[in-house]
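Student: I am attaching a structure below and will ask some questions about it afterwards.
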Amino acid sequence: MSVGSAVLSGPPGFGPDVEAEIVLSRDTFSIRYDMDRETGVISRRGHALEGRSLAGTIVYFPAVQGGVAAGWAFLALVGRGVAPAGVIFGRTNPVMIQGLVLAGIPTMHRVAPDPFTVLETGDRVLMRPRAGRVELVARRGTCAGIG
Amino acid sequence: MRLTDREERLRAGERGEAARLALEQQIAVGDFFGAERFVPVTNVHMMGDMEVMGDAGFAFIERLVNLGARFVVPVTTNARCVDFERAAAVRQDPALVARERVLVERLRALGAMPVDTCINYQTVYQPQRGEHLAWGDTGTVIWANSVAGARTNYEAGPAAVGAGLTGVTPAYGYHLDAQRAGTLRFEVRCRLEDYADWGALGGVVGRRTLDYWKVPVLTGVGGTPTGDELKHFGAALASYGSCAMFHMVGVTPEARDEAEAFRGRTPEAAHVIDDAALAAFYRTYPEDRDEIDLVVFTAPQLSVLEIRRIVALLDGRRVHGNTGLLVTTNFANREMAARLGYVKAIEDAGGQVLGGTCWYIMEPAKMAAAFGWRNVLTNSAKVANIIGGYRLHPILRRTEVCVEAAVTGRLPAAARLR
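Respectively, the protein sequence lines represent chains A and B. This note's numbering numbers the first residue of the first sequence as 37 and each following residue consecutively. This note's numbering numbers the first residue of the second sequence as 17 and each following residue consecutively.
Right under this line is the structure:
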């Protein structure tokens with residue numbers, strides 16, 4: 037996969053373009069059940085991202101679980117400076133999107149192919165929600181972007 | 017999205033900046049999910065408490081108040097994180113309690129009705145079939161869609177506030193016929209003898225569904241489930257599966273038979289749920305030791321009938337000195353239970369009946385630390401699902417086991433799984 041090409045695509049999402057390190061989760065996401073909302077760290081025992089902060093990253097979850105808590109929680113994370121820079125879902129639900137829209141955090145869903153087949157955690161990506169694209173900027177461990 | 021003249025005028029700011037902002041956010045969400053239009057809503061139920069909102073959410077509400085915003089349809093509130101009259105007894109942070117008081121004032125200023133209940137459908141408002149709503153709290157949504165035949169998506173706090181300000185919501189998801197067709201078939205062959213069993217059934221179906229956009233169809237449910245049984249089932253299904261609707265053939269209004277439930281489609285998958293499947297679900301909540309620190313009946317708030325059953329099972333006995341007993345309900349039911357002598361019976365036994373709140377949003381990790389609780393026994397599958405994320409140890413058992421453990425301080429031998 038060459039740097040700069042679209043590695044993921046999906047229907048148009050919400051928010052402005054954003055570039056950051058991507059974090060891939062094989063587990064689903066619920067903000068109430070899985071995250072410490074004070075710190076933005078995944079706190080649920082046994083979660084694929086347990087102990088990991090999502091602050092400043094573009095995070096991918098294959099699906100979501102539960103609750104309406106997500107509606108306010110992203111705004112709270114922004115207020116505490118620990119929000120993700122972008123959130124990409126396989127399948128999502130309305131409350132996640134309502135919360136992300138309120139918080140102004142870029143988001144996309146129904147991306148293809150499976151991100152695990154083309155990216156790994158730590159890769160630097162450019163997420164372009166309006167275009168429905170996610171592009172690779174630099175592989176994990178390399179310091180240069182596409183310039 | 018296509019906007020009506022009224023919506024265009026809202027967007028132009030005719031009804032003020034708050035309604036304009038709300039509509040813009042609703043359009044962003046509607047566009048994301050491919051909505052083509054808005055639908056008017058008759059009733060809004062919002063989640064708004066300090067635990068879920070945080071300071072940023074509070075500031076958002078303050079901003080709306082300062083903009084002079086007013087709701088244009090009835091807006092009721094979900095269970096909140098504080099019972100103002102009993103906050104000290106359960107050692108809640110006084111700063112949180114004070115902040116919550118101010119928040120309730122602000123919500124009143126917007127025109128909200130702070131009824132503070134997650135069982136609005138049992139005590140406040142029973143929507144009609146086909147009625148469009150903007151409800152928050154997943155348990156209320158799944159009830160509205162499935163049991164009442166009304167129409168709503170999960171509307172989180174800010175989305176519900178938005179619908180309250182504009183009187184409309186984007187028409188996608190469960191507002192549309194196509195989304196309400198069954199997708200998965202579950203044949204129920206297990207015995208269902210307690211609220212916990214119904215919650216466990218919801219958990220089993222939820223874990224196999226795990227998708228907001230899928231609609232499980234249950235067949236083989238014998239007899240007529242009670243409202244409280246459907247309440248536990250729906251709340252658990254929403255909690256474990258992120259589901260907003262189910263059909264129960266022969267029980268729920270859009271499922272007189274299987275053909276109607278699936279609307280002519282072929283199920284994507286079929287599962288059988290027998291006693292072994294239910295037992296396997298309970299086994300995912302083993303005790304870590306026999307002593308029980310807290311027994312909690314909550315999530316959803318209890319009906320008067322559920323409270324009555326706890327009183328009957330206590331049968332005049334006292335709760336063990338090393339074990340806490342908490343019951344949560346709404347103001348209306350607490351008042352009724354008080355008049356009926358149930359509150360006194362539970363308090364005399366050493367338990368507490370909290371009003372207007374639900375335990376899992378009362379900062380349970382902090383409360384548990386203050387009381388030294390770790391092991392939490394409940395008949396609510398929803399609570400069992402949630403508090404694992406708070407690093408408490410949830411144990412799900414039937415109601416009578418929970419009451420027995422509250423009295424003896426230990427899990428009865430027959431209910432141990434280790």
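Glycine is no exception: its CB is placed at the ideal position from the N, C-alpha and C atoms. Fair warning: this is a prediction, and the values are worked out from it, not measured in the lab.
Output the boundary residues of the alpha helix (DSSP H) element that contains residue 402/B.
Tutor: Residue numbering aside, residue 402/B sits at position 386 when the second sequence is read from its first letter. Run containing residue 402/B: 397 to 403, per the alpha helix (DSSP H) assignment.
Student: Whose Cβ in chain A lies nearer than 7 Å to the Cβ of residue 68/B?
Tutor: If you number the second sequence from 1, residue 68/B lands on position 52. Near residue 68/B (Cβ distances below 7 Å), the residues of chain A are 105, 108.
Student: Taking the DSSP output, what are the residues bridged to residue 151/B?
Tutor: Counting from 1 along the second sequence, the entry for residue 151/B is found at position 135. Answer is 61/B, bridged to residue 151/B.
Student: Is it right to say residue 387/B is buried, meaning 16 or more other beta carbons lie within 10 angstroms of its own, or is it exposed?
Tutor: Position 371 of the second sequence holds residue 387/B. By the neighbour-count rule (16 or more Cβ atoms within 10 Å), residue 387/B is not buried but exposed.
Student: Ordered along the chain, which non-local residues of its own chain (more than five positions away) have a Cβ less than 7 Å from that of residue 312/B?
Tutor: Within the second sequence, residue 312/B is the residue found at index 296, counting from 1. Taken in chain order, the residues that qualify are 342, 375, 392, 394, 399.
Student: Let me know if residue 207/B comes out buried or exposed under the rule of 16 or more other beta-carbons within 10 Å of its beta-carbon.
Tutor: Counted from its first residue, the second sequence places residue 207/B at position 191. Residue 207/B should be labelled exposed.
Student: What does residue 131/A touch in chain B if you count any residue whose Cβ is under 7 Å from its own?
Tutor: Here residue 131/A refers to the residue found at position 95 when the first sequence is read from its first residue. Neighbours of residue 131/A on chain B, chain order: 170, 172.
Student: For the region 49 to 66 of chain A, which residues have a beta carbon sitting closer than 8 Å to at least one beta carbon of chain B?
Tutor: For the region 49 to 66 of chain A, which is checked against every Cβ of chain B, the residues closer than 8 Å are 49, 50, 64, 66.
Student: Going by DSSP in three states, residue 47/A sits in which element: helix, strand or coil?
Tutor: Residue 47/A sits at position 11 when you count from the first residue of the first sequence. Of the three classes helix, strand and coil, the one that applies to residue 47/A here is coil, per DSSP.
Student: Distance cutoff 8 Å, beta carbons only. Does residue 154/B sit that close to anything in chain A?
Tutor: Residue mapping note: residue 154/B aligns to position 138 of the second sequence, counting from 1. Chain A contact via Cβ: present.
Student: Under 9 Å Cβ-Cβ, which residues of chain A neighbour residue 76/B?
Tutor: As a first step, residue 76/B is located in the second sequence; it is residue number 60 there, counting from the start. Neighbours of residue 76/B across chain A, judged by C-beta separation under 9 Å: 108, 111, 138.
Student: Under 6 Å Cβ to Cβ from residue 381/B, same chain only, skipping five residues before and after it: list those, please.
Tutor: By one-based count along the second sequence, residue 381/B stands at place 365. So the list reads 406, once near-sequence residues are dropped.
Student: Residue 178/A: buried (16+ other C-beta within 10 angstroms of its C-beta) or exposed?
Tutor: Taking the first residue of the first sequence as 1, we reach residue 178/A at position 142. For residue 178/A, the number of other beta carbons within 10 angstroms of its own is below 16, and it is reported as exposed.
Student: Please name the residue, chosen from 160/B, 276/B, 178/B, 304/B, that lies closest to residue 26/B on a Cα-to-Cα basis.
Tutor: In the second sequence, the residue the question calls residue 26/B occupies position 10. If we check each option's Cα against that of residue 26/B, 178/B comes out closest.
Student: Can you find a heavy atom of the ligand PLP that lies under 7 Å from the Cβ of residue 41/A?
Tutor: Among the components of this structure there are no ligands whatsoever, and the ligand PLP is therefore not found.
Student: How should residue 124/B be labelled, buried or exposed, when 16 other C-beta atoms within 10 angstroms of its C-beta is the threshold for buried?
Tutor: On the second sequence, residue 124/B is found 108 positions in, with the first residue counted as 1. Flag for residue 124/B reads exposed.
Student: Considering only the alpha carbon of each residue, which of 181/B, 109/B, 254/B lies closest to residue 162/B?
Tutor: Stepping through the second sequence from its first residue, residue 162/B is reached at position 146. For the residues 181/B, 109/B, 254/B, the minimum Cα distance to residue 162/B belongs to 254/B.
Student: Residue 128/B and residue 91/B: beta carbons closer than 8 Å?
Tutor: Along the second sequence, read from residue 1 onward, the residue named residue 128/B stands at position 112. Along the second sequence, read from residue 1 onward, the residue named residue 91/B stands at position 75. The beta carbons of residue 128/B and residue 91/B sit closer together than 8 Å.
Student: If you drop the 5 nearest sequence neighbours on each side, which residues of the same chain put their C-beta closer than 6 Å to that of residue 219/B?
Tutor: Counted from its first residue, the second sequence places residue 219/B at position 203. For residue 219/B, where only same-chain residues beyond five positions count, the Cβ hits under 6 Å are 252, 256, 297, 397.
Student: For the beta strand (DSSP E) holding residue 43/B, just list the boundary residues, first then last.
Tutor: Position 27 of the second sequence, counting from 1, holds the residue named residue 43/B. No beta strand (DSSP E) contains residue 43/B, which is instead part of the alpha helix (DSSP H) from 33 to 48.
Student: Taking all protein chains shown into account, decide if residue 384/B is buried (16 or more other Cβ within 10 angstroms of its Cβ) or exposed.
Tutor: Numbered from 1 along the second sequence, position 368 holds the residue referred to as residue 384/B. Buried: at least 16 other Cβ atoms inside 10 Å.
Student: Count the other CB atoms, across all protein chains shown, that sit within 10 Å of the CB of residue 247/B; report buried if there are 16 or more and exposed otherwise.
Tutor: In the second sequence, residue 247/B corresponds to position 231, counting from 1. Classification of residue 247/B: buried, given that the 10 Å Cβ count is 16 or more.
Student: What residue range is occupied by the uninterrupted beta strand (DSSP E) comprising residue 338/B?
Tutor: Locating residue 338/B in the second sequence gives position 322, where the first residue counts as 1. Residue 338/B -> no beta strand (DSSP E), and no H or E assigned at all.
Student: Scan the region 310 to 335 of chain B and note each continuous alpha helix (DSSP H) run of 4 residues or more that stays entirely inside, going in chain order.
Tutor: 320 to 330
Student: Please classify residue 235/B as buried or exposed, where buried requires at least 16 other C-beta atoms within 10 Å of its C-beta.
Tutor: Position 219 of the second sequence, counting from 1, holds the residue named residue 235/B. Buried is the call here.
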